[in-house]
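First to last, the protein sequences are chains A and B. Using the working numbering, you'd call the opening residue of the first sequence number 509 and step up by one each time. Using the working numbering, you'd call the opening residue of the second sequence number 509 and step up by one each time. A short write-up of the structure that comes next.
There are 2 protein chains.
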Amino acid sequence: MAEPLRVGVAGLGTVGSAVVRILSAKAEELAARAGRPIVVTAVSAREKGRDRGLDLSRVAWHMDASQLARANDVDLVVELIGGAEGPARACVETAIEHGRPVVTANKALLAKHGVALARASEEKGVPIAFEAAVAGGIPIVKTLREGLAANNVSRVFGILNGTCNYILTRMEKDKIGFAECLADAQRLGYAEADPTFDVGGFDTAHKLALLASLAFGVEPDADGIYVEGIASITPLDLQMAEELGYRVKLLGVATRTDAGVEQRVHPSMLPKESAIARVDGVTNAVEIDADAVGALVLSGPGAGGDATASAVIADIVDIARGVTPPMFGLPAGKLRSPTRAPMGRHEGGYYIRLSVIDRPGAAAAIATRMAEQGISLKSIVQRGRESESDSAGGEPVQVVLITYATTEASLRIALDAIEADGHIDGAPQLIRIEKR
Amino acid sequence: MAEPLRVGVAGLGTVGSAVVRILSAKAEELAARAGRPIVVTAVSAREKGRDRGLDLSRVAWHMDASQLARANDVDLVVELIGGAEGPARACVETAIEHGRPVVTANKALLAKHGVALARASEEKGVPIAFEAAVAGGIPIVKTLREGLAANNVSRVFGILNGTCNYILTRMEKDKIGFAECLADAQRLGYAEADPTFDVGGFDTAHKLALLASLAFGVEPDADGIYVEGIASITPLDLQMAEELGYRVKLLGVATRTDAGVEQRVHPSMLPKESAIARVDGVTNAVEIDADAVGALVLSGPGAGGDATASAVIADIVDIARGVTPPMFGLPAGKLRSPTRAPMGRHEGGYYIRLSVIDRPGAAAAIATRMAEQGISLKSIVQRGRESESDSAGGEPVQVVLITYATTEASLRIALDAIEADGHIDGAPQLIRIEKR
Numbered sequence: 509m510a511e512p513l514r515v516g517v518a519g520l521g522t523v524g525s526a527v528v529r530i531l532s533a534k535a536e537e538l539a540a541r542a543g544r545p546i547v548v549t550a551v552s553a554r555e556k557g558r559d560r561g562l563d564l565s566r567v568a569w570h571m572d573a574s575q576l577a578r579a580n581d582v583d584l585v586v587e588l589i590g591g592a593e594g595p596a597r598a599c600v601e602t603a604i605e606h607g608r609p610v611v612t613a614n615k616a617l618l619a620k621h622g623v624a625l626a627r628a629s630e631e632k633g634v635p636i637a638f639e640a641a642v643a644g645g646i647p648i649v650k651t652l653r654e655g656l657a658a659n660n661v662s663r664v665f666g667i668l669n670g671t672c673n674y675i676l677t678r679m680e681k682d683k684i685g686f687a688e689c690l691a692d693a694q695r696l697g698y699a700e701a702d703p704t705f706d707v708g709g710f711d712t713a714h715k716l717a718l719l720a721s722l723a724f725g726v727e728p729d730a731d732g733i734y735v736e737g738i739a740s741i742t743p744l745d746l747q748m749a750e751e752l753g754y755r756v757k758l759l760g761v762a763t764r765t766d767a768g769v770e771q772r773v774h775p776s777m778l779p780k781e782s783a784i785a786r787v788d789g790v791t792n793a794v795e796i797d798a799d800a801v802g803a804l805v806l807s808g809p810g811a812g813g814d815a816t817a818s819a820v821i822a823d824i825v826d827i828a829r830g831v832t833p834p835m836f837g838l839p840a841g842k843l844r845s846p847t848r849a850p851m852g853r854h855e856g857g858y859y860i861r862l863s864v865i866d867r868p869g870a871a872a873a874i875a876t877r878m879a880e881q882g883i884s885l886k887s888i889v890q891r892g893r894e895s896e897s898d899s900a901g902g903e904p905v906q907v908v909l910i911t912y913a914t915t916e917a918s919l920r921i922a923l924d925a926i927e928a929d930g931h932i933d934g935a936p937q938l939i940r941i942e943k944r
Numbered sequence: 509m510a511e512p513l514r515v516g517v518a519g520l521g522t523v524g525s526a527v528v529r530i531l532s533a534k535a536e537e538l539a540a541r542a543g544r545p546i547v548v549t550a551v552s553a554r555e556k557g558r559d560r561g562l563d564l565s566r567v568a569w570h571m572d573a574s575q576l577a578r579a580n581d582v583d584l585v586v587e588l589i590g591g592a593e594g595p596a597r598a599c600v601e602t603a604i605e606h607g608r609p610v611v612t613a614n615k616a617l618l619a620k621h622g623v624a625l626a627r628a629s630e631e632k633g634v635p636i637a638f639e640a641a642v643a644g645g646i647p648i649v650k651t652l653r654e655g656l657a658a659n660n661v662s663r664v665f666g667i668l669n670g671t672c673n674y675i676l677t678r679m680e681k682d683k684i685g686f687a688e689c690l691a692d693a694q695r696l697g698y699a700e701a702d703p704t705f706d707v708g709g710f711d712t713a714h715k716l717a718l719l720a721s722l723a724f725g726v727e728p729d730a731d732g733i734y735v736e737g738i739a740s741i742t743p744l745d746l747q748m749a750e751e752l753g754y755r756v757k758l759l760g761v762a763t764r765t766d767a768g769v770e771q772r773v774h775p776s777m778l779p780k781e782s783a784i785a786r787v788d789g790v791t792n793a794v795e796i797d798a799d800a801v802g803a804l805v806l807s808g809p810g811a812g813g814d815a816t817a818s819a820v821i822a823d824i825v826d827i828a829r830g831v832t833p834p835m836f837g838l839p840a841g842k843l844r845s846p847t848r849a850p851m852g853r854h855e856g857g858y859y860i861r862l863s864v865i866d867r868p869g870a871a872a873a874i875a876t877r878m879a880e881q882g883i884s885l886k887s888i889v890q891r892g893r894e895s896e897s898d899s900a901g902g903e904p905v906q907v908v909l910i911t912y913a914t915t916e917a918s919l920r921i922a923l924d925a926i927e928a929d930g931h932i933d934g935a936p937q938l939i940r941i942e943k944r
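Dropping the structure here:
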């Protein structure tokens, strides 16, 4: 059997510890699959003393990840530090400079510096693999990069953040508000102390940028993504969605359109019976629509130490076997710079919830403003007041409109006019409907 | 750019024609992905004259697939003839003898001769790839062989035959019998003139043997699979399943048990809300349960020219790039010969439907026979007669029992005793319940 592949693991959190543990526990089988032993020879983390349940007695310890990346006894560097800059970036760049393959779960780093890293890695002839950076244990990177080589992908979309899906699922099931649900998720360890990155949609956006690159052969373009989080979703929206045959999910969606690549992250309504709509809790799921294969759906755990380590180790085994495809499927020089399809050009159906001040003519004025923009309404639902006696008070009533496909630009004009007319109280709630 | 990879395609049915068409239409992008051009230089099929909508003017035509496999202008052989013996086997063996990589969709060939072919291909140092042999366009082979290298798989199961799933879905929806539904499927082209291979479960068994090999590191063992088809399923069973919270699917299931590898193909009841239960029509879906990744579900088209060609071409691109993993994930010499877990040792819940001759003591006798084998009943449903006046006639009534987990051996003993007691009319209907 060939020489062992000596692995340095930078970052010993949940994922890093699981990688070290599984590489040791399954050494024999992994060697058979890889054609050579895979051995952890070095690790790096901030706190040396912490008990991680790992035997690190025969492993070199580096306080500095970049030092690990250039250590003489390391052939491959696993970067699990996280963050687009700082020690993670330095570690990956150092590894490449020294001609060492990199396996990383760092979506922020790749969404921002992916193309530069791909170029550097190609110049040095060493691979960077990142299965673990998107949708945890789901082999979506491999599927897009290798499994669908024969396809033109028209759309890739899905649930890429377990925290958001957990919150939306619980809000729906327990009929509780966003804030209460978030606090609960934090207590259970499903949400960070600072949840902005997750619930604001930014984590999903980083992952989407990588998926869009793999799917469409373009450079990752995280800055070109339209991003909305889930904080504005109310239990009433979820209930209305249910009544109208939809479920609300935070989706990342990348679509090839005539106007360019449309990338967006926002709460979406999906027909209840669609595969992605049915995915509950912390599970992730991705659908790929492509010309040859049709629709392909992958679902599984999007996070967790062992599931993410599963993706990291699959990459290590591939590299041990000499499998080194271009990072984003195509050589970096062949990735196109994506034309950004502006959000105003987005076409689709919309769910609009308005707090309408109940006075004569309000409904007619709203309908007129929609009609002026050529927007057809598929359904209109008014949530009546509890008792007749309230009817004279001029208190707002909730009116939900479902539109047929229109452009975002037209809809925004109509909503601005409705607001200017003074018939509604507060900003309209708008949730885009994702077609099957 | 490197030398072109010259491909010979043996078999120009729907899939073969799609392979030739897509390789030509997407030549440029595929070359970028593969690092070298991929060119079809030779084809082989029985009827030369037929119009397949392909320009074959610059392609060598071979009447004999084995001749194609040893032609001088062929670097890689795509075998799409089908069948475990005859020209398909000769073509693949010839290609390997001549040191040419093979891409095949031939599940029958691999289920029967897979180990011998894996050994021969390793001796010659040429790969055999077979993504298209299982679940059409779903990249399940790549996922098991490469994506889950870090995992011990405990179970792999799913809907692997679109014809059966189409029939069961329609029987359920339109409340029609198996024979009528089959005739319909034949008219629509979803079922062959001789449907035995599909509806008898044998096609599923071939695919399952390959999945089990990849999942558990064992030699494919199609002869060790317990196989039942769907012909015995009635609309009443589907209706009862619905009422009890289940759906009926023809599943292939391979499980790692203490007694060895359990492989079985039969109609199964799945909890309605499970991912696999929700898959309708000709779609295929596979769930993998594994220690690191948890549960992973892949669904997509299980057949069709373009979807299957997508899998064939992904394999070609991999080989063009030099990706040549061992055929079944591990080197042939490391595949274990599976210990077959006997079906009598199978443990699970059961749906039992009995035509009970309605006379005093029948129910008590049946319950006693179950209790004698230590089988607990989760529910008992009796389909009452339409009118009271029938009650004296001694006509059979339908009684459905749902058992808690028991062994198949115990259940068979109980059912034999119930039959011997003479309280039932005809053989019991038995459908195994697959746990989530």
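Virtual Cβ for every residue (Gly too), placed ideally from N, Cα, C. Bear in mind the structure is a predicted one, so any value in this text is a computation, not a measurement.
For A/ASN669, no CB of chain B lies under 9 Å from its own CB, so it is not counted at the interface with that chain. Within chain A, GLU654 have C-beta atoms less than 7 Å from the C-beta of B/ASP826, given in sequence order. Taking 8 Å as the upper bound for CB-CB distance, A/VAL634 and A/ARG608 are in contact here, some 6 Å apart. A check of alpha carbon separations from B/GLY622 across B/GLU593, B/VAL761 and B/ILE941 identifies B/GLU593 as the nearest.
Chain-order list of chain A residues neighbouring B/THR651: PRO647, by C-beta distance under 7 Å. Secondary structure within the stretch 554-585 of chain A: the beta strand (DSSP E) runs of 3 or more consecutive residues, fully enclosed, are 568-570 (chain order). Taking a cut-off of 8 Å on C-beta distances, the stretch 746-760 of chain A touches the stretch 875-894 of chain A, as three or more cross pairs fall below it. Using beta-carbon distances, A/VAL642 does not count as an interface residue toward chain B, since no partner is under 9 Å.
Per DSSP, reduced to three states, the secondary structure at A/LYS534 is coil, with no helix or strand assignment. Identification of chain B residues near A/ASN659 by a Cβ-Cβ cut-off of 8 Å yields SER818, ordered along the chain. Between B/ARG544 and B/LEU513, the C-beta gap is smaller than 9 Å, which places the two residues in contact. Under the criterion of beta carbons closer than 8 Å, B/LYS615 and B/HIS774 do not qualify as touching, at roughly 18 Å. In the DSSP secondary-structure assignment, B/GLY802 is bridged to B/ALA798. A/ALA793 has A/ILE667 and A/SER807 as its beta-bridge partners, per DSSP. Ranking A/ALA535, A/ILE939 and A/VAL528 by CA distance to the CA of A/SER740 puts A/ILE939 first. The beta carbon of A/GLU639 falls within 9 Å of a beta carbon belonging to chain B, placing the residue at that interface.
Close to chain B, meaning a Cβ-Cβ distance shorter than 7 Å, are the following residues of the stretch 792-823 of chain A: ALA800, VAL801, GLY802, ALA803, LEU804, VAL805, LEU806, SER807, GLY808, PRO809, ASP814, ALA815, ALA817, SER818, ILE821 and ALA822. A/LEU668 counts as buried, since at least 16 other C-beta atoms from the protein chains shown sit within 10 angstroms of its C-beta. The residue among A/VAL664, A/ASP702, A/GLN906 and A/LYS780 with its C-alpha nearest the C-alpha of A/VAL769 is A/VAL664. In summary, the residues of the stretch 834-861 of chain B whose CB is separated from some CB of chain A by less than 9 Å are PRO834, GLY837, LEU838, PRO839 and LYS842, in the order they occur in the chain. For the pair A/VAL523 and A/GLY737, the CB atoms are not nearer than the 9 Å cut-off. B/GLY789 sits away from A/ALA800, with the two beta carbons spaced by 9 Å or more. Counting other Cβ atoms within 10 Å of its Cβ, B/GLY516 reaches 16 or more and is therefore classed as buried. A distance of 9 Å or more separates the beta carbons of A/ARG848 and A/GLY725. A/ALA783 reaches chain B at SER807, counting residues in chain order whose Cβ is nearer than 7 Å.
Interface annotation for the stretch 537-550 of chain A against chain B: LEU538, ALA540 and ARG541, criterion Cβ-Cβ distance under 7 Å. Secondary structure note for B/HIS774: its beta strand (DSSP E) is the uninterrupted segment 768-779. Between the alpha carbons of B/ALA568 and B/VAL611 lies a distance of about 19 Å.
Closest in alpha carbon position to A/ARG560, among A/ARG578, A/HIS931 and A/LEU520, is A/LEU520. At a Cβ-Cβ threshold of 9 Å, A/LEU625 and A/GLU605 do not count as neighbours. With fewer than 16 other CB atoms across the displayed protein chains lying within 10 angstroms of its CB, B/THR704 is exposed. Between the alpha carbons of B/GLN771 and B/LYS650 lies a gap of roughly 21 Å. If the five residues before and after A/ASN659 are omitted, its C-beta is found closer than 7 Å to the C-beta atoms of ALA798, ASP799, ALA800 and VAL801, all from its own chain and listed in chain order. Of A/GLN575, A/ILE636, A/SER532 and A/ASP563, the smallest CA-CA separation from A/SER552 is found for A/GLN575. At a Cβ-Cβ threshold of 9 Å, A/GLU700 and A/THR671 count as neighbours. Between B/ASN792 and B/SER782, the C-beta spacing is not below 9 Å.
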